[in-house]
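Engineer:
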Amino acid sequence: MMPQLDSSFYFSQLFWMCVSLTVLVIAFKKRFIPRINKMFASRDQHLKKYSEMVEKLKGEIEVVEEGIEKLHEKEAKRAAEIVREAIKKSEATLAMQLNIVKEENEGRVNATRDRLSKEIGGLESVFKMQIEMAAQAAFEQIFLGKS
Numbered sequence: 611m612m613p614q615l616d617s618s619f620y621f622s623q624l625f626w627m628c629v630s631l632t633v634l635v636i637a638f639k640k641r642f643i644p645r646i647n648k649m650f651a652s653r654d655q656h657l658k659k660y661s662e663m664v665e666k667l668k669g670e671i672e673v674v675e676e677g678i679e680k681l682h683e684k685e686a687k688r689a690a691e692i693v694r695e696a697i698k699k700s701e702a703t704l705a706m707q708l709n710i711v712k713e714e715n716e717g718r719v720n721a722t723r724d725r726l727s728k729e730i731g732g733l734e735s736v737f738k739m740q741i742e743m744a745a746q747a748a749f750e751q752i753f754l755g756k757s
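Using my numbering, read the sequence shown as starting at 611 and increasing by one per residue.
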């Protein structure tokens, strides 16, 4: 028969089982559980510290993002103002160039007008002379009978 099943050994097995369990419980209570608790406490402290750092960094990121957004808006306004100024300058330059071209063209038109007036004046005097010559020739032909 097996000794585990023999009733004469029950008391000694029960005794040693209680002694072993007591030693294990005391060892766990005095040695292993405090170390595990210390490890968990240390881990919790690290997690809290890192969580606080993460929250702090999130706050700093929000502040930086707000600053970037404000800077972006400021620079967009500045860029728009620069564009407006450039447009005004280009419009002024174009107006000035247009006036220069207009004055040059007016000068050319006036010079051409004066030249044409002189040529027309010259042509009018030639035309008057031709009319006078034709009238004289007609007069001579009609009244004097010359051909």
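Where is the CB? At the ideal position from N, CA and C, for every residue including glycine.
Nearest-angstrom Cα distance between V633 and S652?
Structural biologist: To locate residue 633, count along the sequence shown from 1; it is residue 23. To locate residue 652, count along the sequence shown from 1; it is residue 42. Spanning the two alpha carbons is a distance of roughly 28 Å.
Engineer: Could you tell me the alpha carbon to alpha carbon distance between S700 and A686, rounded to whole angstroms?
Structural biologist: For the purposes of this step, residue 700 is taken as residue 90 along the sequence shown, with counting starting at 1. For the purposes of this step, residue 686 is taken as residue 76 along the sequence shown, with counting starting at 1. Cα to Cα, the separation comes out at about 21 Å.
Engineer: Just the Cα atoms here: how many angstroms apart are N647 and G669?
Structural biologist: Position 37 of the sequence shown holds residue 647. Position 59 of the sequence shown holds residue 669. Looking at the two C-alpha atoms, the distance is approximately 32 Å.
Engineer: Specify the secondary structure class of G755 as computed by DSSP and reduced to three states.
Structural biologist: Taking the first residue of the sequence shown as position 1, residue 755 is located at position 145. Three-state result, G755: coil.
Engineer: Out of curiosity, what's the CA-to-CA distance linking A637 and I643?
Structural biologist: As a working mapping, residue 637 is identified with position 27 in the sequence shown. As a working mapping, residue 643 is identified with position 33 in the sequence shown. Computed Cα separation, rounded: 9 Å.
Engineer: Within the continuous alpha helix (DSSP H) that includes S618, where are the two ends?
Structural biologist: The sequence position of residue 618 within the sequence shown is 8, counting from 1. Taken as a continuous stretch (DSSP letters only), S618 belongs to no alpha helix (DSSP H), as it is neither H nor E.
Engineer: Which residue marks the beginning of the alpha helix (DSSP H) containing K640, and which one marks its end?
Structural biologist: What you label residue 640 is simply residue 30 of the sequence shown in a count that begins at 1. Premise fails: K640 is in no alpha helix (DSSP H) and is neither H nor E.
Engineer: Sorted by chain position, which residues of the same chain lie with C-beta nearer than 6 Å to K640's C-beta, five sequence neighbours on each side aside?
Structural biologist: Translated into positions along the sequence shown, residue 640 becomes position 30. So no residue of the chain qualifies.
Engineer: Could you check the C-alpha separation between S727 and E713 for me, to the nearest Å?
Structural biologist: For this step, residue 727 is matched to residue 117 along the sequence shown. For this step, residue 713 is matched to residue 103 along the sequence shown. Their backbone Cα atoms lie some 20 Å apart in a straight line.
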